[in-house]
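Protein chains in written order, with my numbering: chain A, 1 to 577; chain B, 1001 to 1577; chain C, 2001 to 2288; chain D, 3001 to 3288.
Contents: one structure, followed by commentary.
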Ligand SMILES: Cc1ncc(C[n+]2csc(CCOP(=O)(O)OP(=O)(O)O)c2C)c(N)n1
Ligand SMILES: Cc1ncc(C[n+]2csc(CCOP(=O)(O)OP(=O)(O)O)c2C)c(N)n1
Ligand code: SF4
Ligand code: SF4
Ligand SMILES: [Mg+2]
Ligand SMILES: [Mg+2]
């Protein structure tokens, strides 16, 4: 019996692999396994190799594995491109139709299962996916009934006949594999799961769910990979809550519409990827200057320009922090787990209202799109804090507007929503006085600038960094952000096994950078390795600037479009130290 | 006799103060004085106080002075707003018409001259400006003929009658002042100038002139303060050279049109200020990714958002460096003198072609609009280097495109212009192979990314920093950028007079940051004061990141919309150390 | 009930004396009062330009945004708060150069915003460059030998884009101007109101006199039917775009908000946004 | 002389089998050959979208730019090099959503660029969201209950914006499509060619059959006069925008380049850009 396993299914884009994958993994989730998925896809619609890899474990996991136990192949290309990943003794389950071949002498088993033939026999070749699910179930020696129940849920509304046919396909696949493999083997038999059904969710959905829970009722956005799923989730949910999603003409409209709506008092979201973020830069300054909250999600993908739109990268960090002309208060968050995607989404809305400034919530493609099991989301942790807000306002002195931009100690001034009696004030991107009237006076300018920037001094987030800090004299401190967390953890465990003392820090608050917190961690380590999916080491630069430690810091960078793998990271870091 | 003097003229915006000022200072330039001007104006068209201050000196100067010797006032507001700047014993020359008053006991002389009355007598009140010029000329005991010659040049094409009338106004003003002041006084008598007529020019014009000299033949831009003068200069010059200026619908069109034209082989410029720069961010990434040169001038003004559009600031530095998603090679230059504006403009075009990447030429409002005398511009220093460029291309192997993105050691590959036989290649913002065909392959990706970024390692500019480095053990090193140079120099001289050893560095290459060069300078000083017109210390951050010296660095920041003044800077720095 | 005086504040406009924008300001103030709003029920969102300053000169909520983006801001505001009367405004450069895309899409979207363009056929604030509304041959700082682009016709564009309310007026005709703004505010959907608002400082061609000689009110056409799009188009072409009054109005078409599934009358900003535990659990269960 | 085969390269398009864009590619290749260009004399500038990939699939200089910006890039290129035939292309989202402003202004500016929109009434590359060309009621991922915006009519818009060449075609009609592209390339000035190019994967409503049943060629109208703008406008409205062929052409109006003072026939890129000392001294003297 084993405690974890990697399974991959591959074929042509647009062939419906996703449903196979969805049914299989939903069943595994029901059985109480932890799952972590990775989708390989490219920027074309039909055709082109695509694959989906799932790691299945009895323990929490947050990384894909370097190698593979089982490969389900719908074409020879899938075998050709992926077989090297198979561990010694791994298995390929392939459609007999294309006469699958493994390279001579390659140490893996090949089971040719007539996916297509069985499916066609049952009525339609489309069901070859289900045959593959059945075969996989058999290999892992899982209860086929669970799978069938999921199929019922998935296809129930299409009628019992459809359900039955699909289940027949599963059954046939199941039996066929048992037949040719000679029955279940211990090698692929998973220890039982804990029976807890978890959320099986992608980061974008967790963010969307967080937004709904945070009271976001409007989203204005423009489609882009890999952000669109947030919009797709919210368009399904918001109308039921009186809200809506507007697909705008571009990202400039998206963000300025969000600013208008936030000014109007509704928590409003926009989401995009790098190209859209770049287009939003001017408006981000408007939000900062008028102290109008806005939450912007940037799902990072391979850059620059159109770059590698379907690939992993973490290269918009600098743009998120520095990318508007002039100087504004701004908060940048970067969750590193699926649960944090949810909680940080809620927190982003609170921070935006509390500090009345733009909040950029970064994710990366792997975190946004990788489907994984999540620990239960604690609703009691969801609070809605709208910051300094006056719902009713006293009459103002003659000829005075409401002092929306009152000089305050914290830098935060009380907001009112348009429509409020006695609350009339002016907002402008031009430098202004306490009432929002344009002003070029030098003393006012300095005070206003100080007031706005002062907000950054008090930014309080629960965990600006998430530290696993076991040692006061660690040999290595690993620092990362976003989806690299789980991979770092696994690589770190290998170092620990080698007898090295390692600490780990995931930076969650990217800006204002928690310099003191990170510096304290640097102090406890001899060497620091900053792990990032970009080419220049943007996080390492931030650390150097705000926490020092220039001499200690080594950069572990990967920017070929793929996430780090645990073993790869371990080996590369070994070379570095 | 004195060697320098400050003169200011003030009144209502739209009243034509500029012409007074122009005539007076052109004459001073002809006499061989060094001039440095500062315009105070606001973001409205007519009405509102405006003033123009000129420092006149027998020695080169690059800063306005803290105080004022002579104030010419067209209204009481000018006196009220500016008299405090007058030195003890200074003079106000004001239009008698508004019955000018100085505060009781204020230690300055007031000469009420009937500007308007004299002008009206001569035919039109518009000429009150000329009366003021005449009065100023008398006070300084300058030869009135020089002024008259300038008037002739200025108004010649309007006919002799106009010239005569204006000169009569000047003569009357001249005589009137002599009369009431009791003749010239040594106190305001300038030592003779050196007789050399210099260029009297603003930074924007110097940049425009540099562009013309560099072979720029197209500009696409959208109007914005304080960049518009570049466009206005080029629209006058380029058509005569076969080129043109296109006023586009926005800055996104401006920069993408410039990219298209540069791709086409013409050196093309765009220019804007902060809001426009923010809008260009996505396109800057396209330029970096497709390795298409483009030169973008950003004339910095008060930010954020619309901010203080007519005021001084240096707060787009971070945006210029970091402000596009993903990672690209990019060069950012920031001249600190009027001469550098010219030479750097030329160099910007060369660098763009040599490194095939976006080059951002920063200036600040004071440098862009402050009119000053320039040392002769050396045409022999103007060279045009178009970088690796093939005008003719050999036939390519069957089914291969020209390898426009060939992996090369330097990272720079040979360009061809569209239209070239056998040179067909593809360009795309998507990651691509050597021929420019989209590619997601991981090894190619890494190589391409490395190739592009490698260009930054070899960036060679003549003077990445301009150092006045007299001491190996300086007490203070001052670091600045842009228009602060002259002010720092004067403040530094005061410290030297106090017995302190001071060095000075102006950073000209902002990105890639000359870390080693700056570090070498840091090493030679006990303390470092970084002087910047912004609120966060963007240059100080760059130094900390790239050159270290965190413990030594103090930040001297001013962000109220006004440039630093020499004495003010001296005093503030004294407090800091 | 509020009168137009209640929509005045004590901020002195920094427009040049004689600028056409003063009358636009007055007309908006009157129209707001005539429709029956209280000052706090109105929000004016503007772009950047001389004209863009208008949001600061009316006693109402004012949002002076960025160049060319008044429309998306205004639409967001209206979606957030349906109870508010939302006016968007700005210059011809703001709305027809940098903001052209948003203008077309706001028209298509038909959210209930009244958009008033102060059309002086030039860039005022940046001191006199060509605008898309400048006539061919018009000489400015940026086109010293005369503009060589085709002049944009806002009315043709709006009709082509499927506008449900298109009007034009002239800033000296306070009565008509007030009336069309009022009609625009009463219109359920997006209304575009182009106002000839002369720039006395930089535009020496399209002056008050120039306009006075050329504008033709729809009143002067016998049997003009503002609900007939083809007729509207024809008259716009015939008058060389100088037609004033309500040029076209489609009263049938519902606004965007009215068509939104689940969208409620009560402003979103006033709704309770807290989920119940039960609602949350249901949302979570979808991922199990 | 080059044939259409010379405009082929060996790159396999990554479009879905059956995508309308294949025919657009073929038509461009034919038109280029028919007009008499050599491959290196042609440049195709495209935006981002499935359609945007086209610049990589034609043997000519190709510039695959960013979403919505093919037109300014193309105009810059044409100004830089008048000898080049410049084609701009992209999708309906690219040209009419994010790029709408540039489209209107490119039309007004009238630089000699041939703009081909592959109009599938949906966002293909991002997997099926509403585009400005989607019909009201059209259900997509982003409008699951149906689009509630007014469909954009590219032909109306182009006419309203003052276009000098407006055409439309259908990707299965290779002959007509080639002919209008050819005519567009021969037109001196900006030409807009909207091509119905079905997305077989995401648009299950506006299919080949759907179009086949609806398109009407200008050939079928007796006495159609493409130089008559009002007639063009009327026919566009009458056919509900389904008219194909050359809808409008103004052969009189000179292009932008032709009107530029001092602009020379020879491509700027080929001119000597070095100033003489004398020229420089004169420029400097102006500042003395
Ligand atoms: C992004 C951006 N680009 C340019 C500017 C500079 N700018 C301010 S107003 C304006 C145009 C003014 O013209 P118009 O919109 O017609 O308004 P008017 O001043 O004529 O009322 C420009 C180009 C800016 N503020 N922001
Ligand atoms: C600035 C920016 N925003 C969004 C995207 C994502 N995106 C790529 S193509 C596209 C639209 C595709 O639709 P269309 O232009 O009609 O082309 P089609 O794929 O249908 O041919 C979008 C939104 C992008 N690449 N850049
Ligand atoms: S410049 Fe023109 S538009 Fe601006 S305020 Fe003056 S008159 Fe009005
Ligand atoms: S998704 Fe549609 S538009 Fe894109 S390639 Fe496929 S069929 Fe063509
Ligand atoms: Mg205007
Ligand atoms: Mg499309």
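Glycine included, each C-beta is placed from N, C-alpha and C at the ideal position.
Open item on the list: In the DSSP output, what is residue 3170 of chain D paired with across the bridge?
Closed with: D/3196, per the DSSP bridge assignment.
Open item on the list: Using the three-state DSSP reduction, which class does residue 298 of chain A fall into: helix, strand or coil?
Closed with: Collapsing the DSSP output to three states places residue 298 of chain A in a strand.
- [ ] Report the residue from B/1192, B/1434, B/1571 whose alpha carbon sits nearest the alpha carbon of residue 1030 of chain B.
- [x] Among B/1192, B/1434, B/1571, the Cα nearest to that of residue 1030 of chain B is on B/1192.
Open item on the list: Tell me which residues share the same chain as residue 1202 of chain B and place their Cβ nearer than 6 Å to its Cβ, disregarding the 5 neighbours each side in the sequence.
Closed with: Closer than 6 Å at Cβ, skipping near neighbours: 1369, 1371.
- [ ] Run down chain D in chain order and give the residues with a C-beta less than 9 Å from the C-beta of residue 231 of chain A.
- [x] The contacting residues are 3129, 3141, 3142.
- [ ] Pull out every residue of the segment 470-491 of chain A whose Cβ sits closer than 9 Å to any Cβ of chain D, in chain order.
- [x] So nothing in the stretch comes that close.
- [ ] Within its chain, find whatever has a CB closer than 7 Å to the CB of residue 3189 of chain D; leave out the 5 residues flanking it on each side and keep chain order.
- [x] Contacts found: 3110, 3112, 3164, 3165, 3253, 3255.
Open item on the list: On a Cα-Cα basis, can you pick out the residue from C/2230, C/2058, C/2231, C/2242 that is closest to residue 2206 of chain C?
Closed with: Taking only the C-alpha atoms, the option nearest residue 2206 of chain C is C/2242.
Open item on the list: Comparing C-alpha positions only, which one of B/1271, B/1326, B/1248 sits nearest to residue 276 of chain A?
Closed with: When C-alpha distances from residue 276 of chain A are compared across B/1271, B/1326, B/1248, the shortest belongs to B/1326.
Open item on the list: So, under 8 Å CB-CB, residue 431 of chain A and residue 2066 of chain C are touching, yes? Tell me the CB distance rounded to an integer number of Å.
Closed with: Taking a contact as a CB-CB distance under 8 Å, the pair residue 431 of chain A and residue 2066 of chain C does not count as one, their CB atoms being some 14 Å apart.
- [ ] Run down chain B in chain order and give the residues with a C-beta less than 8 Å from the C-beta of residue 575 of chain A.
- [x] By Cβ distance, chain B contributes nothing, its closest Cβ being about 16 Å from residue 575 of chain A, past 8 Å.
Task: residue 3052 of chain D versus D/3063, D/3082, D/3178, residue with shortest Cα-Cα distance - done: Of the listed residues, the one whose Cα sits closest to residue 3052 of chain D is D/3063.
Open item on the list: Within 10 Å of its beta-carbon, does residue 2147 of chain C have 16 or more other beta-carbons around it, so buried, or fewer, so exposed?
Closed with: Residue 2147 of chain C should be labelled buried.
Task: Member of A/499, A/295, A/455, A/123 whose CA lies at the smallest distance from the CA of residue 475 of chain A - done: Of the candidates A/499, A/295, A/455, A/123, the one whose C-alpha sits nearest the C-alpha of residue 475 of chain A is A/499.
Task: Any non-hydrogen atom of ligand 2 within 8 Å of residue 3014 of chain D CB - done: Answer for residue 3014 of chain D: no, Cβ out of range of ligand 2.
Open item on the list: Less than 8 Å between C-beta atoms, sequence neighbours within five positions excluded: which residues of the same chain meet that for residue 3015 of chain D?
Closed with: 3021, 3022, 3050, 3053.
TODO: Inspect the beta-carbon positions of residue 3061 of chain D and residue 3042 of chain D and report whether they are closer than 9 Å.
DONE: A contact, by the Cβ cut-off of 9 Å.
Task: Residue closest to residue 3 of chain A, alpha-carbon to alpha-carbon, out of A/46, A/10, A/9, A/33 - done: Nearest of A/46, A/10, A/9, A/33 to residue 3 of chain A, Cα basis: A/33.
Open item on the list: Whether or not the segment 528-535 of chain A and the segment 465-480 of chain A are in contact is what I'm after, with contact meaning three or more pairs of Cβ atoms, one per stretch, closer than 8 Å; do they touch?
Closed with: Touching, yes.
Open item on the list: Given this structure, state the Cα-to-Cα distance separating residue 2250 of chain C from residue 2232 of chain C, to the nearest angstrom.
Closed with: If you draw a straight line from the Cα of residue 2250 of chain C to the Cα of residue 2232 of chain C, it comes to about 12 Å.
- [ ] Consider the C-beta atom of residue 2019 of chain C and the heavy atoms of ligand 3; say whether any pair is separated by less than 8 Å.
- [x] Ligand 3 approaches residue 2019 of chain C closely enough that one of its heavy atoms is under 8 Å from the residue's Cβ.
Open item on the list: Beta carbons nearer than 8 Å to chain D: which residues of the segment 1410-1434 of chain B have them?
Closed with: Taking 8 Å as the Cβ-Cβ cut-off against chain D, the residues of the segment 1410-1434 of chain B that qualify are 1417, 1418, 1419, 1420, 1421, 1422, 1423, 1424, 1425, 1426, 1427, 1428, 1429, 1430.
TODO: In the DSSP assignment, find the unbroken alpha helix (DSSP H) run with residue 181 of chain A in it and report its ends.
DONE: Where residue 181 of chain A is concerned, the enclosing alpha helix (DSSP H) stretches over 160-181.
Open item on the list: Can you confirm whether residue 2101 of chain C, when its beta carbon is compared against all beta carbons of chain D, has any partner nearer than 9 Å?
Closed with: True, the Cβ-Cβ gap to chain D drops below 9 Å.
TODO: Within the segment 1044-1115 of chain B, note down every full alpha helix (DSSP H) run reaching 4 residues or more, in order along the chain.
DONE: Correct list: 1076-1082.
Open item on the list: Can you check which of these residues, C/2198, C/2287, C/2095, C/2126, is closest to residue 2155 of chain C by C-alpha distance?
Closed with: Among C/2198, C/2287, C/2095, C/2126, the Cα nearest to that of residue 2155 of chain C belongs to C/2095.
Open item on the list: My output table needs one value for residue 3165 of chain D: the three-state DSSP class, helix, strand or coil.
Closed with: Correct three-state label for residue 3165 of chain D: strand.
- [ ] State the start and end residues of the unbroken beta strand (DSSP E) segment that holds residue 1511 of chain B.
- [x] DSSP places residue 1511 of chain B inside the beta strand (DSSP E), whose first and last residues are 1509-1511.
Open item on the list: Which same chain residues end up closer than 8 Å to residue 2271 of chain C when comparing Cβ atoms and leaving out the 5 residues on each side of it in sequence?
Closed with: If the five residues before and after residue 2271 of chain C are omitted, its C-beta is found closer than 8 Å to the C-beta atoms of 2264, all from its own chain and listed in chain order.
Task: Reduced DSSP secondary structure (H/G/I, E/B, other) of residue 2021 of chain C - done: Under the three-state reduction of DSSP, residue 2021 of chain C is assigned to helix.
Task: residue 997 of chain B, buried or exposed, once every other Cβ within 10 Å from all chains shown has been counted against 16 - done: Because residue 997 of chain B is not part of the residues shown, which for chain B are 1001 to 1577, the question remains open.
TODO: Note down the Cα distance separating residue 1379 of chain B from residue 1238 of chain B, rounded to an integer number of angstroms.
DONE: CA-CA distance, residue 1379 of chain B to residue 1238 of chain B, rounds to 19 Å.
Task: is_contact[residue 106 of chain A, chain G] using C-beta, thresh 9 Å - done: The chain inventory of the structure shown lacks chain G, comprising the protein chains A, B, C and D.
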